[in-house]
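In my numbering, the protein residues as written are -16 to 213.
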């Protein structure tokens, strides 16, 4: 009987953990911030405890749900209130700039010189003099701006004059027309619906994303492609 209960609690633990993970969303390990990493370990530990708890398995279940709920709540807060991100996720730290290594910032980022050198080599920089600026992101990744004579060649370096690309502005997102962006572009709904009709789209609700640049280049992504092919 105890063996059967153990099997059921283990299966229940796995199911709840799977559902919480799907609800929270997934990131690569390198993209996890400190809080997500700690939360993932804690939820996994509680799930293991639930799998072997025969007398009162509901206690670790409630703990798992609380941890998952708090994680989702903080994620919503960081999206709704961008200023809170520096408190929840942290901020980028400049480790090197204009040939100067900042010892205090390395210490703040909990990195020693050998770890910093490893991160530089992983980015393809074996010579620190080729680095203009190195920024340690809150995700744990190192972003590097190379010095001018070490960066990849550009069309300007080869005396080429490609046409300037323009920024695109979102006009429809997830079936909702962004009236403010439409107005800033000097456009109206009549123009927008005419563009949709030309593409045989009868309603904004059929559109996942629609963008437009200052040259009125209009690009639409419809809702038909819900997921990538396997």
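C-beta: ideal position from N, C-alpha, C; glycine also.
Opening and closing residue of the beta strand (DSSP E) in which residue i lies
| i | result |
| --- | --- |
| residue 115 | 114 to 119 |
| residue 215 | As shown, the chain starts at -16 and ends at 213. That puts residue 215 outside it, with no answer to give. |
| residue 98 | No beta strand (DSSP E) contains residue 98, which is instead part of the alpha helix (DSSP H) from 96 to 105. |
| residue 125 | 125 to 129 |
| residue 80 | 76 to 80 |
| residue 192 | 190 to 195 |
| residue 152 | 152 to 156 |
| residue 201 | 201 to 205 |
Unbroken alpha helix (DSSP H) run spanning residue i, endpoints
| i | result |
| --- | --- |
| residue 175 | 172 to 181 |
| residue 89 | 86 to 91 |
Cα-Cα separation, residue i to residue j
| i | j | result |
| --- | --- | --- |
| residue 192 | residue 157 | 6 Å |
| residue 184 | residue 161 | 17 Å |
| residue 54 | residue 63 | 14 Å |
| residue 178 | residue 195 | 11 Å |
| residue 175 | residue 82 | 50 Å |
| residue 169 | residue 99 | 48 Å |
| residue 202 | residue 59 | 29 Å |
| residue 155 | residue 88 | 42 Å |
| residue 84 | residue 159 | 47 Å |
| residue 182 | residue 171 | 17 Å |
| residue 115 | residue 57 | 35 Å |
| residue 167 | residue 101 | 46 Å |
| residue 110 | residue 65 | 36 Å |
CB contact check: residue i to chain C, cutoff 8 Å
| i | result |
| --- | --- |
| residue 154 | You won't find chain C in this structure, because it holds only one protein chain. |
Nearest to residue i (by Cα), restricted to the options the options
| i | options | result |
| --- | --- | --- |
| residue 105 | 87, 86 and 127 | 127 |
| residue 112 | 124, 132 and 182 | 132 |
| residue 80 | 130, 139 and 67 | 130 |
| residue 198 | 114, 28, 152 and 101 | 152 |
Exposure label - residue i; buried when at least 16 CB within 10 Å
| i | result |
| --- | --- |
| residue 86 | exposed |
| residue 150 | exposed |
| residue 165 | buried |
| residue 190 | buried |
| query | Counting pairs of beta carbons, one from the region 108 to 119 and one from the region 71 to 91, are three or more of them closer than 8 Å? | reply | yes
| query | For the region 93 to 102 against the region 43 to 59, are there 3 or more C-beta pairs whose distance is under 8 Å? | reply | no
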